[in-house]
Structures are given as structure tokens and as C-alpha cells.
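Colleague: This structure is in C-alpha cells; I'll ask about it shortly.
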Amino acid sequence: MNRIKAEEKLGQLREKLEEYGYHYYVLDNPIVSDSDYDKMMQELVRIESEFPDLVTEDSPSVRVGGAPLPHFEKVEHEIPMLSLGNAFNEQDLRDFDRRVTEGVGEPVSYACELKIDGLAVSLKYEKGRFVLGATRGDGTTGENITQNLKTVRSIPMRLKEEVDIEVRGEAFMPKQSFEKLNEAKREAGEEPFANPRNAAAGSLRQLDPKIAAKRNLDIFLYSVAQIKEKVLPSHTDALEYMSKLGLKTNKEAKHCKNIDEVIEYVEGWLDRRPHLSYEIDGIVIKVDSLEAQKKLGFTAKSPRWAIAFKFPAEEVVTTLEGIELS
Ligand SMILES: NC(=O)c1cnc(OC2CCCC2)nc1N
Numbered sequence: 005m006n007r008i009k010a011e012e013k014l015g016q017l018r019e020k021l022e023e024y025g026y027h028y029y030v031l032d033n034p035i036v037s038d039s040d041y042d043k044m045m046q047e048l049v050r051i052e053s054e055f056p057d058l059v060t061e062d063s064p065s066v067r068v069g070g071a072p073l074p075h076f077e078k079v080e081h082e083i084p085m086l087s088l089g090n091a092f093n094e095q096d097l098r099d100f101d102r103r104v105t106e107g108v109g110e111p112v113s114y115a116c117e118l119k120i121d122g123l124a125v126s127l128k129y130e131k132g133r134f135v136l137g138a139t140r141g142d143g144t145t146g147e148n149i150t151q152n153l154k155t156v157r158s159i160p161m162r163l164k165e166e167v168d169i170e171v172r173g174e175a176f177m178p179k180q181s182f183e184k185l186n187e188a189k190r191e192a193g194e195e196p197f198a199n200p201r202n203a204a205a206g207s208l209r210q211l212d213p214k215i216a217a218k219r220n221l222d223i224f225l226y227s228v229a230q231i232k233e234k235v236l237p238s239h240t241d242a243l244e245y246m247s248k249l250g251l252k253t254n255k256e257a258k259h260c261k262n263i264d265e266v267i268e269y270v271e272g273w274l275d276r277r278p279h280l281s282y283e284i285d286g287i288v289i290k291v292d293s294l295e296a297q298k299k300l301g302f303t304a305k306s307p308r309w310a311i312a313f314k315f316p317a318e319e320v321v322t323t324l325e326g327i328e329l330s
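Each position in the sequence shown, counted from 1, maps to that position plus 4 in the numbering used here.
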């Protein structure tokens, strides 16, 4: 194939792989078969290896992982990635609601989200292109894991608008991928991971992105940390905007008018965890209005406008081999 033909073919393949990837991994609604997708990816990688100077930064071939890194660079978070205060029962939630109502001076509505049990990460996009991915670290300083996050198929390399934005979310390993990975580790005589959170963290902290690329990691974005020239009046607006940009958000999020509806939502999810394809360790409740959030501000380590309702640890299924004792 000559260079002109290669350039044209690469352009077509990139376009298609990005569109197919979005439908398959972000919308969970494939429009081509896995084998067709894989065949196209292999053709892209083959042509790029024949014409290396035609490889672009945001080519879908980054999904299969590039060269290993010597170490992770440090990243300073301009906006600290804070931790969440906890609630363990209905009274804790009502106390939270009272503190919030007093602080704001009027009743507020809430946004409730499943609390994904994974690894908190920050994603930065400049003019709509993915430029930096980092772990939470200690909240102020994290690690640059951009190369590994590029292998997470549900993280778009380009947004649907050319915006400068920083978003945050939870990278996680679906339960099925976790079971398969641990089976392979046992067969190889290696130590299995204790839970999907450790497996996701372990996968994203590998210096070789080819390992992360094979771990079927996924992500749900749950907050807009920074955005230029745009005002998002509520958290619900922020979730909708991220979804419009092509970012993956969790569809179980719900706007609750008051704390009674929040308690109903929390109770509704306690017994439905086993039916989810990913692990959650609770529910995150956020004051929906951004203005009210600003009024409430932060304590030294947590926002006053959000709280995590923690579920009891999911009982561990005792396996026949007795490997995991509950
Ligand atoms: N693990 C989660 O699913 C999760 C964690 N954190 C947050 O919110 C942070 C950011 C703004 C207030 C606390 N939301 C979530 N859904």
C-alpha cells in the first residue's frame, strides 16, 4: 500500500473505531461485532507499524498499550481530590440533611449516585483531547497514569466538543473480569487479587500499559472538577453535560427532592447489589445545587455538601475450594 492510500485508510479506520468504541464501551450498545472491531483494530495497528510517522497521539491503537514507563511522574491536583464523610444509618442521613439545611438556610434537593468501589481518577481534556490522567494519590499529589487510562476503552480520546475540562470518576474492574483474572492467576500459581478494587488499582499502577490493556477496566465519571467558560448550575446538569460530551456516567444516578427520597433510594439499593455487574460499597449523596455547594464549602478533608452512605461489606461467597472464607 502506498503512503497516500495508507493515510486515507488510517483516517477511515480511526473514525470508525472511535464511533464503534463509543457505542460498545460507553453506551454498552454495540453496533458491530467484537470480531469486526478487533479485525479493524489489527488492520490499524498493522498499517501504523508500516508507516510509524502516520501515528497520531489520539489514535485508537493506544487502546492496546504502548511501551512500558520507567516510573510514574507526579501530578499536582489544582483542585484537591477530597475524601467523603460517612453515614451508616438513617439518623446519620437526617443529621446530614439538618446540617445542610441550616448551612444553606433553606431546604435543598440531592443527587444520589451508586458509590463505585474502584480507584478515583482525574481526567483532563484540552480542546476536547485527552491529555492527562492521574490517580487521587493523597488528594493533592497523584501519579500520572495517562498511558494506562488510554487503554480503558470507555475513556474517549476525543470529546464531542473541543472543550477544556477536568472530570473525575471511578475506574473499576467489572465482577466478571475480576473472576476471570483471578482464575488465570490461580492457574498460573500467582496470588489472586482480594477484590475488584485492588485488581483495578493493581492494573492501573503497572508501568507496562499492555498489562492494563488486557484487564477490561471500565470507568464511571461523577464530577466536573474544572471547566472553562461554562456554568453548570447543578450536579445533575454536570452529569448530563459529561454524558453529552461522550463521557460514561452511571445511569442509576437519581435526583431526590428531599432526604426522605434519598433514604428510599438508599434502602432500594441495599439488596440489589448482587445484580450489578460491578461492585459498589454504598451510595454518594450530593447537594444538587452548585450555589448551595459553594455556600457550604469544605472541612479540612471533605465537602460539607456530600456524604457517603456505607453499605456493610458484601458477604463473601464461600467457594468449594474454601479459598475465600466469609
Ligand atoms: N466512588 C464513587 O462512585 C464516587 C466517589 N466520589 C464522588 O463524589 C466526590 C467528588 C465530589 C464529592 C465527592 N461521587 C461518587 N459517585
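Backbone N, C-alpha and C define an ideal beta-carbon position, used for all residues, glycine too.
Quick check: what's the CA-CA separation for Asn90 versus Ala175?
Modeller: Locating residue 90 in the sequence shown gives position 86, where the first residue counts as 1. Locating residue 175 in the sequence shown gives position 171, where the first residue counts as 1. Taking the straight line joining both Cα atoms gives about 21 Å.
Colleague: Am I right that Val288 and Glu117 are in contact with their C-beta atoms under 8 Å? What's the rounded C-beta distance?
Modeller: The residue you call residue 288 lines up with position 284 of the sequence shown. The residue you call residue 117 lines up with position 113 of the sequence shown. Yes, Val288 and Glu117 are in contact; Cβ-Cβ is about 5 Å, under 8 Å.
Colleague: Who are the Cβ neighbours of Gly141 in its own chain at under 7 Å, not counting the five residues just before and after it?
Modeller: In the sequence shown, counting from the first residue as 1, residue 141 sits at position 137. Around Gly141: Glu147.
Colleague: Cα separation between Leu251 and Tyr26?
Modeller: Walking along the sequence shown from the start, residue 251 turns up at place 247. Walking along the sequence shown from the start, residue 26 turns up at place 22. Taking the straight line from one Cα to the other gives about 9 Å.
Colleague: Please work out which residues of its chain come closer than 8 Å, Cβ to Cβ, to Ile51, disregarding the five sequence neighbours upstream and downstream, and give them in chain order.
Modeller: Here residue 51 is taken as the residue at index 47 of the sequence shown, counted from 1. Correct list, in chain order: Met5, Ala10, Lys13, Leu14, Leu17, Leu58.
Colleague: Tell me whether Ala310 sits in a helix, a strand or coil according to DSSP, three-state version.
Modeller: As a first step, residue 310 is located in the sequence shown; it is residue number 306 there, counting from the start. If DSSP states are grouped into helix, strand and coil, Ala310 belongs with the strands.
Colleague: Could you give the distance in angstroms between the alpha-carbon of Arg162 and the alpha-carbon of Lys154?
Modeller: The count along the sequence shown starts at 1 and reaches residue 162 at position 158. The count along the sequence shown starts at 1 and reaches residue 154 at position 150. Going by the C-alpha atoms only, they are around 11 Å apart.
Colleague: If you check the beta carbons only, do Lys131 and Glu170 fall under 8 Å apart?
Modeller: The residue given as residue 131 occupies position 127 in the sequence shown. The residue given as residue 170 occupies position 166 in the sequence shown. Their beta carbons are not under 8 Å apart, which means Lys131 does not touch Glu170 by this criterion.
Colleague: Taking the alpha-carbon positions, what's the Tyr282 to Asn202 distance?
Modeller: As a position in the sequence shown, residue 282 is number 278, starting the count at 1. As a position in the sequence shown, residue 202 is number 198, starting the count at 1. Taking the straight line joining both Cα atoms gives about 13 Å.
Colleague: What residue range does the alpha helix (DSSP H) around Ala217 cover?
Modeller: Residue numbering aside, residue 217 sits at position 213 when the sequence shown is read from its first letter. 213–217 is the span of the alpha helix (DSSP H), which, as asked, contains Ala217.
Colleague: What runs of the beta strand (DSSP E), each 3 residues or longer, lie entirely inside the stretch 149–192?
Modeller: Whole beta strand (DSSP E) segments, 3+ residues: 169–176.
Colleague: Count the other C-beta atoms from every protein chain shown that fall within 10 angstroms of the C-beta of Asn152, then say buried if there are 16 or more, exposed otherwise.
Modeller: As a working mapping, residue 152 is identified with position 148 in the sequence shown. Buried: at least 16 other Cβ atoms inside 10 Å.
Colleague: Alpha carbon to alpha carbon, how far is Ala217 from Val49? Give it in angstroms, no decimals.
Modeller: Indexing the sequence shown from 1 puts residue 49 at position 45. Indexing the sequence shown from 1 puts residue 217 at position 213. Cα to Cα, Val49 sits roughly 15 Å from Ala217.
Colleague: How would you label Asn262, buried or exposed, when you count the other beta carbons within 10 angstroms and need 16 or more for buried?
Modeller: If you number the sequence shown from 1, residue 262 lands on position 258. Under this definition Asn262 is an exposed residue.
Colleague: I need the straight-line Cα distance from Glu318 to Gly286, nearest angstrom please.
Modeller: Position 314 of the sequence shown, counting from 1, holds the residue named residue 318. Position 282 of the sequence shown, counting from 1, holds the residue named residue 286. Each residue's alpha carbon lies about 10 Å from the other.
Colleague: Do you know offhand how far Ala198's Cα is from Ala204's?
Modeller: In the sequence shown, residue 198 corresponds to position 194, counting from 1. In the sequence shown, residue 204 corresponds to position 200, counting from 1. Near 11 Å, if we compare the C-alpha coordinates of Ala204 and Ala198.
Colleague: What does DSSP give as the partner residue(s) for Gly146 in the beta ladder?
Modeller: Position 142 of the sequence shown, counted from the first residue, corresponds to residue 146. Val79.
Colleague: How would you call Phe302, buried or exposed, if buried means at least 16 neighbouring beta carbons within 10 angstroms?
Modeller: Indexing the sequence shown from 1 puts residue 302 at position 298. With fewer than 16 Cβ atoms within 10 Å of its Cβ, Phe302 is classed as exposed.
Colleague: Any heavy atom of ligand 1 closer than 7 Å to the CB of Lys290?
Modeller: For this step, residue 290 is matched to residue 286 along the sequence shown. Yes, ligand 1 has a heavy atom inside 7 Å of this Cβ.
Colleague: Given the structure, does Glu283 come close to ligand 1, in the sense that its CB is under 7 Å from one of the ligand's heavy atoms?
Modeller: Position 279 of the sequence shown, counted from the first residue, corresponds to residue 283. No; taking the cut-off as 7 Å, the Cβ of Glu283 has no heavy atom of ligand 1 nearer than that.
Colleague: Can you find at least 3 beta carbon pairs, one from the stretch 61–70 and one from the stretch 184–200, that sit closer than 8 Å?
Modeller: The stretch 61–70 vs the stretch 184–200: no contact.
Colleague: Does Asn199 come out as helix, strand or coil in the three-state DSSP assignment?
Modeller: Taking the sequence shown and counting its residues from 1, one reaches residue 199 at position 195. Of the three classes helix, strand and coil, the one that applies to Asn199 here is coil, per DSSP.
Colleague: Between Lys179 and ligand 1, is there a pair consisting of the residue's CB and a ligand heavy atom that are separated by less than 7 Å?
Modeller: Numbered from its first residue, the sequence shown carries residue 179 at position 175. No, the Cβ of Lys179 stays beyond 7 Å of every heavy atom of ligand 1.
Colleague: At which residues does the beta strand (DSSP E) containing Lys119 begin and terminate?
Modeller: On the sequence shown, residue 119 is found 115 positions in, with the first residue counted as 1. First-last of the beta strand (DSSP E) with Lys119: 114–120.
Colleague: If you follow the alpha helix (DSSP H) that Lys298 is part of, which residue opens it and which one closes it?
Modeller: Locating residue 298 in the sequence shown gives position 294, where the first residue counts as 1. Run containing Lys298: 294–300, per the alpha helix (DSSP H) assignment.
Colleague: Does the structure place the stretch 234–243 close enough to the stretch 268–284 that three or more beta carbon pairs sit under 8 Å?
Modeller: The answer is no - the stretch 234–243 does not touch the stretch 268–284, with fewer than three Cβ pairs under 8 Å.
Colleague: Let's test the definition: count the other Cβ atoms within 10 Å of the Cβ of Ile8 and tell me whether it reaches 16, buried, or not, exposed.
Modeller: Start at 1 with the first residue of the sequence shown, and residue 8 comes out as number 4. Classification for Ile8: exposed.
Colleague: Which residues does DSSP pair with Ala124 in a beta bridge?
Modeller: Against the sequence shown, residue 124 aligns to sequence position 120. Paired residues: Glu174.
Colleague: So Ala138 is in the beta strand (DSSP E); what residue range does that whole segment cover?
Modeller: For the purposes of this step, residue 138 is taken as the residue at position 134 of the sequence shown. It spans 133–139 - the beta strand (DSSP E) in which Ala138 sits, taken as one unbroken run.
Colleague: Hey, out of Lys234, Ser126, Leu300, whose CA is closest to Val79's CA?
Modeller: As a first step, residue 79 must be located in the sequence shown, where it is residue number 75. Comparing Cα-Cα distances from Val79 to each of Lys234, Ser126, Leu300, the minimum goes to Ser126.
Colleague: Note the first and the last residue of the continuous alpha helix (DSSP H) segment covering Gln210.
Modeller: Taking the sequence shown and counting its residues from 1, the one referred to as residue 210 is at position 206. Careful: Gln210 lies outside any alpha helix (DSSP H) and carries neither H nor E.
Colleague: Could you tell me whether any non-hydrogen atom of ligand 1 is closer than 7 Å to the CB of Arg172?
Modeller: Within the sequence shown, numbered from 1, the residue matching residue 172 stands at position 168. Yes, since a heavy atom of ligand 1 falls inside the 7 Å radius drawn around the Cβ of Arg172.
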